[in-house]
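As structure tokens, the structure follows; a few thoughts come after it.
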Amino acid sequence: MTGKMHVYKAIARCARDHGVDTMFGLMGDANLFMVDSFVRDCEGRFVPSAHEGSSVLMALAYAHVTGKTGVATVTHGPGLTNCMTALTEGVRGHIPIVLLAGDTPVANPRHLQGIDQREVVKATGAGFEQLRAPDTVGMDVARAFYRAQVERRPIVLNMPADFMWEEMDHTPHVLDVFTAPGGVAEGDILDEAIGMIASARRPLILAGGGAITARDQLIRLADRLEAPLATTLKAKGLFNDHPYNIDIFGTLSTPAAYDLIAQSDCIVCFGTGLHDFTTDRGKLMKDKRVVQVDVNPTAIGGGLHPDAALVADAGLTAETILYWLDEAEIPASGFTRELDIEVLTAHPAGANKTADGFVNYVQALERLEKALPGDRVLVTDGGRFMTEVWCRISAPDPHSFVVTANFGSIGLGLAEAIGAGVAAPDRPVVVFSGDGGFMMGGINEFNTAVRLGLDLVVIVANDSAYGAEHIQFLDRKMDPSLTEFHWPSFAEIAKSLGGEGLEVHSNADLEAALTALEGRKGPILIELRLDPHDVPRMRI
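In terms of the UniProt record's numbering, the sequence shown opens at residue 1 and continues consecutively.
Put into structure tokens, the structure is as follows:
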């Protein structure tokens, strides 16, 4: 649509021009008319959150699951400052979203909610675009969408409230996005990398979140080398069902897989920045050749310096390496012939010291893994409970696994689960949260899931404590009581907010909850009552 219109309508129309059909947010003075136009004039869907930060988190998960650019909107001042943690989460997770943020009127510098919004956004690491004037709306919105996709991070478009009722001539602007796969390296570095791989006797292929589109090429390379496959946490599920998949690499590995990694002599890494938890602070890369392939040069050398680095596309590089291995008639390593995958992927059962009135956490997870819907989208909040979930609860593929720990925060999981549910309306979403995280960010959005009618399963690991802090007091033989809380019943809270809720104090309770799960009609919360002295420590 072209022609004369108010700025608020033009912004809504620009979003629709970019293919946006779903917008998350919370309305206020500076964005309410834009939202109204998006719904009424553009036939878009608006998903209202209870907290501004939640709307950004919903957009992040929506972007992760769909592969599209997520869109959220908030008003000025506290509406934006409430988004700082969520924006930082998106920056650290390299997730493209556009946040349409209202700003106080330019003509009123003493506005009660006035703040330097550019400086607020800069502190999070997100990008900032200013809506410069009514006549530049089309290009300003287009620039924000372009940057979100190319820079792979949230971009905030700052919209002064006093522009909204100005009239302007709207012309659609959608910029071509230049994100075609990069090429492959050539010359001496490529030769050195191939030489290291060809001479390896125990090679291993490691894929991170930057390589999830290269699954087939990496499998062909691994099969040619007879090398096992592993992933970082962000690529969890990428090699599901491959006979030599040893699952997550690093501190989240099984003891047997950890030993296998230590015995390998060459790690070929695709699309991973080699975080400290992936390398166990460098221990797993000691005394072995490391080849790192990433299209983003800033991802290389951050955690450790590789022996050979190729700034290139993962899939194209894997194909090139495979071609030259065949040309040189390099024999397969034979490494996978020695492997027992059942042993390599079996996590230890752990000790059972569970007190009466509580359920054993590890055993409960093992039972949930078998009982939860197989086509689930898996979301995890932050807390002591999370690493056991990462290790013991599977996800169908990386796009179906949403990690909310990029900034190390708790309380982000339920909002992201709602975004995932909107993105995949025909699939169940399972979110694991701790008690502290649910109190912080779950209670305020559980009813949002109810209102939306989402197929949402919330598992609350309730040890009545801030577990990560609780264990630190115990380690130093100090009183942990300051970290312990007598929360209300989360199951009853879920009921009062319009959903279903069940408390689990025993294995019999768990079986009853799983039976109820089969007949769920909307959001359901299962509260696992845990002994704070019996929850395994985090594997980081």
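Idealized CB from N, CA, C, for every residue including glycine.
Bear in mind that the values here come from a model prediction, so they are computed numbers and not experimental data.
query: Do you know whose CA, among LEU260, VAL450, ALA15, lies nearest ASP41's CA?
result: ALA15
Residues of its chain near ASP455, where Cβ-Cβ distance is below 6 Å and the 5 sequence neighbours each way are ignored: PRO428
query: Just checking my contact of SER49 with GLY77 at CB under 8 Å: how many whole Å lie between their CB atoms?
result: Actually they do not touch by this definition, with Cβ atoms about 17 Å apart.
query: Just the Cα atoms here: how many angstroms apart are TYR62 and ILE330?
result: 44 Å
task: Inspect the beta-carbon positions of ALA491 and GLY501 and report whether they are closer than 7 Å.
output: yes
query: Considering only residues of the same chain and omitting the five flanking positions on each side of ALA468, which have a CB-CB separation below 8 Å?
result: GLY383, ARG384, MET538
- request: Classify SER409 as helix, strand or coil using the three-state DSSP reduction.
  value: coil
query: Can you tell me whether TYR323 is buried or exposed, with buried defined as 16 or more other CB within 10 angstroms of its CB?
result: exposed
Per DSSP, the bridge partner or partners of ARG289: CYS266
- prompt: ASP259: buried (16+ other C-beta within 10 angstroms of its C-beta) or exposed?
  reply: exposed
- request: Note down, in chain order, each residue of its chain lying with its Cβ closer than 7 Å to the Cβ of PHE128, except the 5 sequence neighbours on either side.
  value: ARG118, VAL121, LYS122, VAL156, ASN158
Within 7 Å, strictly: CB atoms of LEU238 and ILE248: no
Three-state secondary structure (DSSP) of PRO348: coil
field: 7 Å Cβ cutoff met for GLY250 and ASP280
entry: yes
- prompt: Is GLU166 helix, strand or coil by DSSP?
  reply: coil
task: Mind reading off the beta-carbon distance from LEU365 to TYR244? Whole number of angstroms is fine, and I expect it under 8 Å.
output: The Cβ separation is near 25 Å, so there is no contact.
- prompt: According to DSSP, what are the bridge partners of GLY102?
  reply: MET159
field: Among ILE341, PRO172, LEU57, ILE194, the one whose alpha carbon lies nearest that of residue 550
entry: Only positions 1 to 540 of the chain appear in this structure, which leaves residue 550 out of reach.
Candidates LEU344, THR73, VAL65, LEU57: closest to PHE46 by CA position: THR73
query: Of all the beta strand (DSSP E) runs that stay within the bounds of the stretch 383-430, which reach a length of 3 or more residues?
result: 401-403
- request: Assign THR2 to one of three DSSP states: helix, strand, or coil.
  value: coil
task: Answer with buried or exposed for PHE163, where buried requires no fewer than 16 other C-beta atoms within 10 angstroms of its C-beta.
output: buried
query: What residues are listed by DSSP as bridge partners for ARG45?
result: THR22
- request: Would you mind working out which of GLY67, ILE11, ALA101, GLU89 sits nearest ASP29, comparing C-alpha positions?
  value: ALA101
message: My output table needs one value for GLU226: the three-state DSSP class, helix, strand or coil.
response: coil
- prompt: Based on Cα-Cα distance, which residue from ALA214, CYS391, LYS477, LEU204 lies nearest to ALA332?
  reply: LEU204
field: Whole-number beta carbon distance between ALA126 and VAL91, since they are thought to touch under 8 Å
entry: 6 Å
- prompt: Okay, do the stretch 419-436 and the stretch 83-90 touch, 3+ Cβ pairs below 8 Å being the bar?
  reply: no
field: Whole-angstrom C-beta distance between HIS173 and ALA10, which should lie under 8 Å
entry: Wrong, their Cβ atoms sit about 11 Å apart, outside the cutoff.
- prompt: Would ALA449 pass as a contact of PRO523 if the rule is Cβ separation under 7 Å?
  reply: yes
query: Do ALA420 and VAL402 come within 7 Å of each other at the CB atom, strictly closer than that value?
result: yes
task: Measure the CB-CB distance between GLU484 and PHE335 and report whether it falls below 7 Å.
output: no
message: For the ligand FMN, I want to know if ALA144 counts as a neighbour, meaning its beta carbon is within less than 6 Å of at least one of the ligand's heavy atoms.
response: Ligands are entirely absent from the displayed structure, and the ligand FMN is therefore not among its contents.
- request: Entirely within the stretch 437-497 and at least 4 residues each: give me those alpha helix (DSSP H) ranges in chain order.
  value: 443-452, 467-475, 490-496
- request: With a cut-off of 8 Å on the beta carbons, I'd call GLY208 and GLY271 a contact; round off their distance for me.
  value: 4 Å
- request: Mind reading off the beta-carbon distance from ILE300 to ASP307? Whole number of angstroms is fine, and I expect it under 8 Å.
  value: About 12 Å separates the two Cβ atoms, so there is no contact after all.
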